[in-house]
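Q: Attaching a single structure in structure tokens format; questions to follow.
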Amino acid sequence: MKTKLLPAVLLVALCAGCSSMGVEPWDRDVLAREDMQLVTDPLEAATDDHIYFSKEASSGGRGFGGGGCGCN
Amino acid sequence: MADVGVTKMTKSHRKNDRSVSATLAAATCALLGTGASAPVDAQEEPKWDFNTSFLYYGEDENRVQDASLKSIIRRLFADDKSLSIGVTVDTLTGATPSGAIRQDVAQTFTRPSGNAAYSVPAGELPLDDTFKDTRVALTANWTQPAGEKGLLSVGMSASKEYDYLHTGLNANYAHDFNNRNTTLSAGIAVARDSIEPVGGAPTPFTPMLDVGDVSNRNGDQDKDVLDVIFGVSQVISRDLVMQVNYSYSMSDGYLNNPYKVLSLVDGVTGDTLPRTTPLPPDGGPSGQFLFEGRPDERTQHSLYTQAKYNMNGKVLDVSYRYMTDDWEIDSHTMDVRYRWPIGAGSYLEPHLRFYTQSEAEFYRLSLDSSQPLPQFASSDYRLGNFDAITAGLKYGWKTRNGNDMSLRVEWYTQSGTVPAGQLIGNQAGRDNYPDLNALIVQFSYRFSQ
Numbered sequence: 152m153k154t155k156l157l158p159a160v161l162l163v164a165l166c167a168g169c170s171s172m173g174v175e176p177w178d179r180d181v182l183a184r185e186d187m188q189l190v191t192d193p194l195e196a197a198t199d200d201h202i203y204f205s206k207e208a209s210s211g212g213r214g215f216g217g218g219g220c221g222c223n
Numbered sequence: 002m003a004d005v006g007v008t009k010m011t012k013s014h015r016k017n018d019r020s021v022s023a024t025l026a027a028a029t030c031a032l033l034g035t036g037a038s039a040p041v042d043a044q045e046e047p048k049w050d051f052n053t054s055f056l057y058y059g060e061d062e063n064r065v066q067d068a069s070l071k072s073i074i075r076r077l078f079a080d081d082k083s084l085s086i087g088v089t090v091d092t093l094t095g096a097t098p099s100g101a102i103r104q105d106v107a108q109t110f111t112r113p114s115g116n117a118a119y120s121v122p123a124g125e126l127p128l129d130d131t132f133k134d135t136r137v138a139l140t141a142n143w144t145q146p147a148g149e150k151g152l153l154s155v156g157m158s159a160s161k162e163y164d165y166l167h168t169g170l171n172a173n174y175a176h177d178f179n180n181r182n183t184t185l186s187a188g189i190a191v192a193r194d195s196i197e198p199v200g201g202a203p204t205p206f207t208p209m210l211d212v213g214d215v216s217n218r219n220g221d222q223d224k225d226v227l228d229v230i231f232g233v234s235q236v237i238s239r240d241l242v243m244q245v246n247y248s249y250s251m252s253d254g255y256l257n258n259p260y261k262v263l264s265l266v267d268g269v270t271g272d273t274l275p276r277t278t279p280l281p282p283d284g285g286p287s288g289q290f291l292f293e294g295r296p297d298e299r300t301q302h303s304l305y306t307q308a309k310y311n312m313n314g315k316v317l318d319v320s321y322r323y324m325t326d327d328w329e330i331d332s333h334t335m336d337v338r339y340r341w342p343i344g345a346g347s348y349l350e351p352h353l354r355f356y357t358q359s360e361a362e363f364y365r366l367s368l369d370s371s372q373p374l375p376q377f378a379s380s381d382y383r384l385g386n387f388d389a390i391t392a393g394l395k396y397g398w399k400t401r402n403g404n405d406m407s408l409r410v411e412w413y414t415q416s417g418t419v420p421a422g423q424l425i426g427n428q429a430g431r432d433n434y435p436d437l438n439a440l441i442v443q444f445s446y447r448f449s450q
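Chains A and B are the protein sequences, given in the same order.
Just so you know, we're using my numbering here: the first sequence kicks off at 152 and counts up by one.
Just so you know, we're using my numbering here: the second sequence kicks off at 2 and counts up by one.
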């Protein structure tokens, strides 16, 4: 039971820790900019994921591990 | 995750616009047919987003060349719902390392189809030049809000090559906390792939046979892949946002490369053993080459972290990924981009990426005939010990009618080493690792209406 509770406790602790960070909604001008999104260019990101999936033994991380090709 | 930011901007308007939802739905249908605008708040107006790119990827020494056309078309509906369709068409040609080692004499090999033979000059890396394929890939994703602070996305993917079929489903849920400064997300993807090798999948560790002999082939194979991802993104300040993802990937089934072989070598000289029977008139392998064999399961764990930092309009994007798996491959990836605005709507973006990986526990340059065969072995360079660097520059600009264009040029280079303990006799004096140099050029065009 304790082990099941642990992730929940950690999650709450994490969120509590995060609650002191961040900005108010009216301070989101910079964060709302397209160049500040975590993935700025979805096509480029998808292209890179596919190239590196084909040529290296690692994939994914940012999102799902690519795949869907016989190249690896 | 990029979608979340867009959603955040528009979500605050949602309550006020519930009454116009029905009108918007009708307008959506009208837009599909006529392209006429509905008289609603501009920010909520349903619209299309077209993102298309042409990619050239070319490796030197006539290895893999890929010309690829990729489009993501996104349809934005009322109430922050969207449908995204992706289409990719790849045309691949060129040569790829067969897995056999260089020799001081010319070598011959049977093609994967089993229908013909090809030869490799003395001293050269054996490349199979029959590689030719067209790949068509489709993705579809539906995204919609789930409650006040949730965002749900479900999707499917499929791709087809001559010798490969992929089908997959995925789902992702993201939830905002702390005044939308924290987002927790969880996703799952399942895939079933069918491998349909030219001539059939060979039995691992059986020899490459003479032209016309396909007695060691087993037809088509398949594999299942399960991916699970958990993520946290956090706004730290007005100029800094960070993300941490943990992902788990489990592959089960046929994980071999059906076209790769290993040279069976003399335990003293390290040279490939010659064939034991005379070469038949139709041709066949000059030496003894065995098809590779990998475990039928692989479990990967990745930890990915990314930060985006605004510095007076310039944006620094840094990410790092650590990957470890039960094939004993560990890798580190560091990626840095710096977006530097130069005038209205234009920017330059230098990009550097460093990658390093250790070899799989069953990576072998060759198989020592004086030793018992291992349970698993592959000489695929992608499972070896190597470093890779990508260096590139992107230039982006806005066209007169406000659309985005960009051009990027990048160089990708891999250089690897075979563990010294694996080199036998004459192998020590040869260049054993197939180093790779590639040019990447991508032109992208994006417009909305």
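Don't be surprised by glycine CBs; every beta carbon is placed ideally from N, CA and C.
Quick check: the Cα distance between residue 295 of chain B and residue 368 of chain B, rounded to an integer number of angstroms?
A: Counting from 1 along the second sequence, the entry for residue 295 of chain B is found at position 294. Counting from 1 along the second sequence, the entry for residue 368 of chain B is found at position 367. The straight-line gap from Cα to Cα measures roughly 14 angstroms.
Q: In the structure shown, what three-state DSSP assignment does residue 427 of chain B receive?
A: Counted from its first residue, the second sequence places residue 427 of chain B at position 426. The three-state reading of DSSP puts residue 427 of chain B in helix, counting H, G and I together.
Q: Touch check for the segment 219-234 of chain B and the segment 174-194 of chain B: three-plus C-beta pairs under 8 angstroms?
A: yes
Q: For a contact defined as C-beta to C-beta under 8 angstroms, what are the partners of residue 384 of chain B on chain A?
A: Taking the first residue of the second sequence as 1, we reach residue 384 of chain B at position 383. Going along chain A in sequence order, the residues near residue 384 of chain B (Cβ under 8 angstroms) are 208.
Q: In the segment 343-366 of chain B, which residues sit with their C-beta less than 8 angstroms from some C-beta in chain A, listed in chain order?
A: If the cut-off is 8 angstroms between Cβ atoms, the segment 343-366 of chain B has 348, 356, 358 and 361 near chain A.
Q: Look at the Cβ atom of residue 1 of chain B, then the Cβ atom of residue 278 of chain B, and state whether they are nearer than 8 angstroms.
A: An answer regarding residue 1 of chain B cannot be provided, because it is not within the stretch 2 to 450 covered by chain B.
Q: Could you tell me which chain A residues have their CB closer than 8 angstroms to the CB of residue 406 of chain B, listed as they occur along the chain?
A: Counting from one through the second sequence, the residue named residue 406 of chain B turns up at place 405. Correct list: empty, because the minimum Cβ distance to chain A is about 12 angstroms.
Q: Identify the contact partners of residue 188 of chain B in chain A, using a Cβ-Cβ distance below 9 angstroms as the criterion.
A: Taking the second sequence and counting its residues from 1, the one referred to as residue 188 of chain B is at position 187. Per Cβ cutoff of 9 angstroms: 214 and 215.
Q: Report yes or no: do the segment 204-217 of chain B and the segment 95-111 of chain B share at least 3 C-beta pairs separated by less than 8 angstroms?
A: yes
Q: Buried or exposed, going by whether 16 or more other CB atoms sit within 10 Å of the CB of residue 177 of chain A?
A: Walking along the first sequence from the start, residue 177 of chain A turns up at place 26. Exposed: under 16 other Cβ atoms inside 10 Å.
Q: Output yes if chain A places a C-beta closer than 8 angstroms to the C-beta of residue 56 of chain B; else output no.
A: Position 55 of the second sequence holds residue 56 of chain B. True, the Cβ-Cβ gap to chain A drops below 8 angstroms.
Q: Who are the near neighbours of residue 163 of chain B in its chain, counting only those whose CB is closer than 6 angstroms to its CB and skipping five residues on each side?
A: The residue given as residue 163 of chain B occupies position 162 in the second sequence. Once the five neighbours on either side are set aside, the close Cβ partners of residue 163 of chain B are 134.
Q: Excluding sequence positions up to five away, which residues of its chain have a Cβ less than 6 angstroms from the Cβ of residue 428 of chain B?
A: Working through the second sequence from its first residue, we reach residue 428 of chain B at position 427. Here the set comprises 271.
Q: I want to see whether chain A comes within less than 8 angstroms of residue 450 of chain B, judged by CB atoms only; does it?
A: Position 449 of the second sequence holds residue 450 of chain B. No, because no Cβ of chain A sits closer than 8 angstroms to the Cβ of residue 450 of chain B.
Q: Starting from residue 260 of chain B, follow its DSSP beta bridges and name the residues at the other end.
A: Taking the second sequence and counting its residues from 1, the one referred to as residue 260 of chain B is at position 259. In the DSSP output, where bridge partners are listed per residue, residue 260 of chain B has none listed.
Q: Got a sec: is the Cβ-Cβ distance from residue 423 of chain B to anything in chain C below 8 angstroms?
A: Here the protein chains are A and B, and chain C is not one of them.
Q: Rounded to a whole number of angstroms, what is the C-alpha to C-alpha distance between residue 259 of chain B and residue 127 of chain B?
A: In the second sequence, residue 259 of chain B corresponds to position 258, counting from 1. In the second sequence, residue 127 of chain B corresponds to position 126, counting from 1. So the alpha carbons of these two residues sit roughly 16 angstroms apart.
Q: At the level of alpha carbons, what is the spacing between residue 157 of chain B and residue 422 of chain B?
A: Walking along the second sequence from the start, residue 157 of chain B turns up at place 156. Walking along the second sequence from the start, residue 422 of chain B turns up at place 421. Cα to Cα, residue 157 of chain B sits roughly 45 angstroms from residue 422 of chain B.
Q: Measure the alpha-carbon distance for residue 214 of chain A versus residue 239 of chain B and round it to whole angstroms.
A: For this step, residue 214 of chain A is matched to residue 63 along the first sequence. For this step, residue 239 of chain B is matched to residue 238 along the second sequence. Answer to the nearest angstrom: the Cα atoms are 25 angstroms apart.
Q: Could you tell me which of B:329, B:149 and B:191 sits nearest to residue 208 of chain A, measuring between CA atoms?
A: Translated into positions along the first sequence, residue 208 of chain A becomes position 57. Measuring from the Cα of residue 208 of chain A, the nearest candidate turns out to be B:329.
Q: Should residue 212 of chain A and residue 416 of chain B be called a contact, given that it needs their Cβ atoms to be closer than 8 angstroms?
A: Residue mapping note: residue 212 of chain A aligns to position 61 of the first sequence, counting from 1. Residue mapping note: residue 416 of chain B aligns to position 415 of the second sequence, counting from 1. No, the Cβ-Cβ distance between residue 212 of chain A and residue 416 of chain B is not below 8 angstroms.
Q: Please give the ranges of any beta strand (DSSP E) in the segment 198-250 of chain B, keeping only runs that are unbroken, at least 3 residues long and fully inside the region.
A: 222-238
Q: Taking 8 angstroms as the cut-off, decide whether the C-beta atoms of residue 123 of chain B and residue 106 of chain B are in contact.
A: Counting from 1 along the second sequence, the entry for residue 123 of chain B is found at position 122. Counting from 1 along the second sequence, the entry for residue 106 of chain B is found at position 105. Their beta carbons are under 8 angstroms apart, which means residue 123 of chain B touches residue 106 of chain B by this criterion.
Q: Cβ closer than 7 angstroms: which chain A residues qualify as neighbours of residue 150 of chain B?
A: Residue 150 of chain B sits at position 149 when you count from the first residue of the second sequence. By Cβ distance, chain A contributes nothing, its closest Cβ being about 12 angstroms from residue 150 of chain B, past 7 angstroms.
Q: Thinking residue 286 of chain B and residue 276 of chain B are a contact (beta carbons under 8 angstroms), I'd like their distance in whole angstroms, please.
A: By one-based count along the second sequence, residue 286 of chain B stands at place 285. By one-based count along the second sequence, residue 276 of chain B stands at place 275. Contact flag correct, Cβ pair sits at about 6 angstroms.
Q: For a test of the three-state rule: what should DSSP assign to residue 204 of chain A, helix, strand or coil?
A: Counting from one through the first sequence, the residue named residue 204 of chain A turns up at place 53. In the structure shown, residue 204 of chain A sits in a helix (DSSP, three-state: H, G or I).
Q: With DSSP collapsed to three states, give me the class of residue 58 of chain B.
A: As a first step, residue 58 of chain B is located in the second sequence; it is residue number 57 there, counting from the start. Residue state, collapsed to three classes: strand.
Q: Can you give me, in chain order, the residues of the segment 292-319 of chain B that have a beta carbon less than 7 angstroms from any beta carbon in chain A?
A: 303, 305, 307, 309, 311 and 316
Q: Can you check DSSP and say which residues form a bridge with residue 187 of chain A?
A: Against the first sequence, residue 187 of chain A aligns to sequence position 36. DSSP output for residue 187 of chain A lists no bridge partner at all.
Q: At what residues does the beta strand (DSSP E) containing residue 301 of chain B begin and finish?
A: As a first step, residue 301 of chain B must be located in the second sequence, where it is residue number 300. That run of the beta strand (DSSP E) goes 298-312.
Q: Does the beta-carbon of residue 97 of chain B have 16 or more other beta-carbons within 10 angstroms, so that it is buried, or is it exposed?
A: For this step, residue 97 of chain B is matched to residue 96 along the second sequence. Classification for residue 97 of chain B: buried.
Q: Applying the criterion that 16 or more other CB atoms from any shown protein chain within 10 Å of the CB defines a buried residue, is residue 202 of chain A buried or exposed?
A: Position 51 of the first sequence, counted from the start, is the residue given in the question as residue 202 of chain A. The residue is buried, with at least 16 neighbouring Cβ atoms inside 10 Å.
Q: With a threshold of 16 other CB atoms inside 10 Å of the CB of residue 281 of chain B, please say whether the residue is buried or exposed.
A: Taking the first residue of the second sequence as 1, we reach residue 281 of chain B at position 280. Exposed.
Q: Listing by chain order, which chain B residues have their CB less than 7 angstroms from the CB of residue 186 of chain A?
A: Locating residue 186 of chain A in the first sequence gives position 35, where the first residue counts as 1. Simply 316 and 340.
Q: What residues match up with residue 351 of chain B in a beta bridge as DSSP calls it?
A: In the second sequence, residue 351 of chain B corresponds to position 350, counting from 1. The partner list for residue 351 of chain B (beta bridge, DSSP) reads B:394.
Q: By how many angstroms is the C-alpha of residue 150 of chain B removed from the C-alpha of residue 176 of chain B?
A: Your numbering for residue 176 of chain B matches position 175 in the second sequence. Your numbering for residue 150 of chain B matches position 149 in the second sequence. Between residue 176 of chain B and residue 150 of chain B, the alpha-carbon positions lie close to 6 angstroms from each other.
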